[in-house]
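J.: Would you mind keeping the following structure in view while I ask a few things?
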Amino acid sequence: MAELDDTSRNRVWRWFMRRNTEACNFTKTDLRAAIDACDTWIESNQASFNAALPQPFRGQATTAQKTLMFCFVAQRRAGLLKVEEDG
Amino acid sequence: MATVVQQLDMGAAQFLSSAFPQMVKNGTNFPAIGLAYDAAAAEAAFWMTRAVSYGSGNVTVACDWYADTATSGDVIWGCQLAAITPDADTQDVETKSLATANTVTDTHLGTTGQRLHRASITVSNLDSLANNDDVWIRIYRDAAAGGDTMTGDAVLVGVTVSYSDT
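In order, the protein sequences belong to chains A and B. Under my numbering, residue 87 is the last one in the first sequence; the count climbs by one each step, no gaps. Under my numbering, residue 1166 is the last one in the second sequence; the count climbs by one each step, no gaps.
See below:
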């Protein structure tokens, strides 16, 4: 899973601003720096994340599945993910 | 000497086929209708009016706006005019160019995210504006400029055009 190029980071930046509904006390430049840092952090830590996953999931799940799982857990932690059982 | 004031209706805004702000209707107790200008891509809306009783001097275009989500940062508003004198100018109306833009940078005043701000653009590039000219007005957010630092949409809810009659 390659680090994002400038165009992709820019599109994430645009996507965030169009989807975000919470107050932003930061500038567009601040946001872009954070996106860059986030992508860099993922690049630096993806190996350790993968190593932390137990077998057989680690060996059997695809990169997309691992990414989705990470996103779902993070979303749930932030209160952004509701599932059918939550009503 | 008096000041002529014209209010531009947000609902009367017209757009080109791309790069236009979304018309939004927000509000809890009354509809706050406006044009939501994107934070990343320059978008523009247009109005057509007549320069009734225009005398001379610059035109002031006051843009009332609020931030959709931001509580800080700067927004750059720009305005361009195109003026045609009916029966005198031979310019093709469909290919007429707009004069060079004038802009203003307005800073979010904080405290409340969706508070109302007024940014006044002094339009000095008047395209040889004369009394009773038909005028096309382009208002845009220069979102791609480095000086436009505010995240999220800027919602334009009102525009007032004013000028001297002498």
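No residue lacks a Cβ here, since even glycine has one placed at the ideal position from N, Cα and C. Just so it is clear, the structure is predicted and the values come from calculations on it, not from any experiment.
Can you tell me the Cα-Cα spacing of residue 1092 (chain B) and residue 66 (chain A), whole angstroms?
T.: Within the second sequence, residue 1092 (chain B) is the residue found at index 92, counting from 1. Within the first sequence, residue 66 (chain A) is the residue found at index 66, counting from 1. Using only the alpha carbons, I get a separation of about 60 angstroms.
J.: Using a Cβ-Cβ cut-off of less than 9 angstroms, give me the residues of the region 1037-1068 of chain B that come near chain A, in sequence order.
T.: 1038, 1039, 1040, 1041, 1067 and 1068
J.: Within 8 angstroms of any Cβ in chain A, is that where the Cβ of residue 1019 (chain B) sits?
T.: Reading the second sequence from its first residue, position 19 is the one you call residue 1019 (chain B). Chain A, which has no Cβ nearer than 8 angstroms to the Cβ of residue 1019 (chain B), makes this no.
J.: Compare the C-alpha of residue 1013 (chain B) against each of B:1037, B:1001 and B:1002 and name the closest.
T.: Residue mapping note: residue 1013 (chain B) aligns to position 13 of the second sequence, counting from 1. Distances from the alpha-carbon of residue 1013 (chain B) to those of B:1037, B:1001 and B:1002 put B:1037 closest.
J.: At a Cβ threshold of 8 angstroms, is residue 1113 (chain B) touching chain C?
T.: Absence of chain C from the displayed structure is noted, the protein chains being A and B.
J.: Are any of the Cβ atoms in chain B nearer than 8 angstroms to that of residue 27 (chain A)?
T.: Reading the first sequence from its first residue, position 27 is the one you call residue 27 (chain A). True, the Cβ-Cβ gap to chain B drops below 8 angstroms.
J.: Could you say which of B:1028, B:1145, B:1001 and B:1158 lies nearest to residue 1074 (chain B) if we only look at CA atoms?
T.: In the second sequence, the residue the question calls residue 1074 (chain B) occupies position 74. Checked all of B:1028, B:1145, B:1001 and B:1158; the closest Cα to residue 1074 (chain B) is B:1145.
J.: Report the option in B:1159, B:1166 and B:1153 whose CA atom is closest to the CA atom of residue 1041 (chain B).
T.: As a first step, residue 1041 (chain B) is located in the second sequence; it is residue number 41 there, counting from the start. Residue 1041 (chain B) has its Cα closest to that of B:1153, out of B:1159, B:1166 and B:1153.
J.: Which term fits residue 63 (chain A), buried or exposed, when burial requires 16 or more other beta carbons within 10 angstroms of its beta carbon?
T.: By 1-based counting over the first sequence, the position of residue 63 (chain A) is 63. Of the residues assessed, residue 63 (chain A) falls on the exposed side of the cut-off, its CB having fewer than 16 other CB atoms within 10 angstroms.
J.: Could you work out which residue in B:1072, B:1143 and B:1035 is closest to residue 1111 (chain B) when comparing CA atoms only?
T.: Numbered from 1 along the second sequence, position 111 holds the residue referred to as residue 1111 (chain B). Of the listed residues, the one whose Cα sits closest to residue 1111 (chain B) is B:1072.
J.: At 4 residues or longer, what runs of the alpha helix (DSSP H) sit wholly inside the region 20-63 of chain A?
T.: 28-52 and 57-60
J.: Buried or exposed: which applies to residue 1159 (chain B), given that a residue is buried once 16 or more other Cβ atoms fall within 10 Å of its Cβ?
T.: Mapped onto the second sequence, residue 1159 (chain B) falls at position 159. By the neighbour-count rule (16 or more Cβ atoms within 10 Å), residue 1159 (chain B) is buried.
J.: Suppose contacts are defined by Cβ-Cβ distances below 8 angstroms. Is residue 1133 (chain B) in contact with residue 1078 (chain B) by that definition?
T.: Taking the second sequence and counting its residues from 1, the one referred to as residue 1133 (chain B) is at position 133. Taking the second sequence and counting its residues from 1, the one referred to as residue 1078 (chain B) is at position 78. Cβ distance not < 8 angstroms, so residue 1133 (chain B) and residue 1078 (chain B) don't count as in contact.
J.: Output, in sequence order along the chain, the residues in the region 1151-1162 of chain B whose CB is closer than 9 angstroms to any CB in chain A.
T.: 1151, 1152 and 1153
J.: With a threshold of 8 angstroms, are at least 3 pairs of Cβ atoms found where one atom belongs to the region 1010-1024 of chain B and the other to the region 1113-1130 of chain B?
T.: By the criterion of at least three beta-carbon pairs nearer than 8 angstroms, the region 1010-1024 of chain B is not in contact with the region 1113-1130 of chain B.
J.: Where does residue 55 (chain A) land, buried or exposed, given buried means 16+ other C-beta within 10 angstroms?
T.: To locate residue 55 (chain A), count along the first sequence from 1; it is residue 55. Under this definition residue 55 (chain A) is an exposed residue.
J.: Which same chain residues end up closer than 7 angstroms to residue 1068 (chain B) when comparing Cβ atoms and leaving out the 5 residues on each side of it in sequence?
T.: If you number the second sequence from 1, residue 1068 (chain B) lands on position 68. Hits under 7 angstroms: 1036, 1152, 1153 and 1155.
J.: Give every residue of the same chain whose Cβ lies closer than 6 angstroms to the Cβ of residue 1166 (chain B), excluding the five residues on either side of it in the sequence, and list them in chain order.
T.: By one-based count along the second sequence, residue 1166 (chain B) stands at place 166. Exclusion of the five residues before and after residue 1166 (chain B) leaves 1001 and 1055 as the residues of its chain whose Cβ lies within less than 6 angstroms of its Cβ.
J.: Measure the alpha-carbon distance for residue 1021 (chain B) versus residue 1139 (chain B) and round it to whole angstroms.
T.: Against the second sequence, residue 1021 (chain B) aligns to sequence position 21. Against the second sequence, residue 1139 (chain B) aligns to sequence position 139. Computed Cα separation, rounded: 10 angstroms.
J.: Hey, out of B:1147, B:1080 and B:1061, whose CA is closest to residue 1125 (chain B)'s CA?
T.: Position 125 of the second sequence holds residue 1125 (chain B). Looking from the CA of residue 1125 (chain B), the closest CA among B:1147, B:1080 and B:1061 belongs to B:1080.
J.: Residue 70 (chain A) by DSSP, collapsed to three states: which one?
T.: Along the first sequence, one-based indexing puts residue 70 (chain A) at 70. Per DSSP, reduced to three states, the secondary structure at residue 70 (chain A) is helical.
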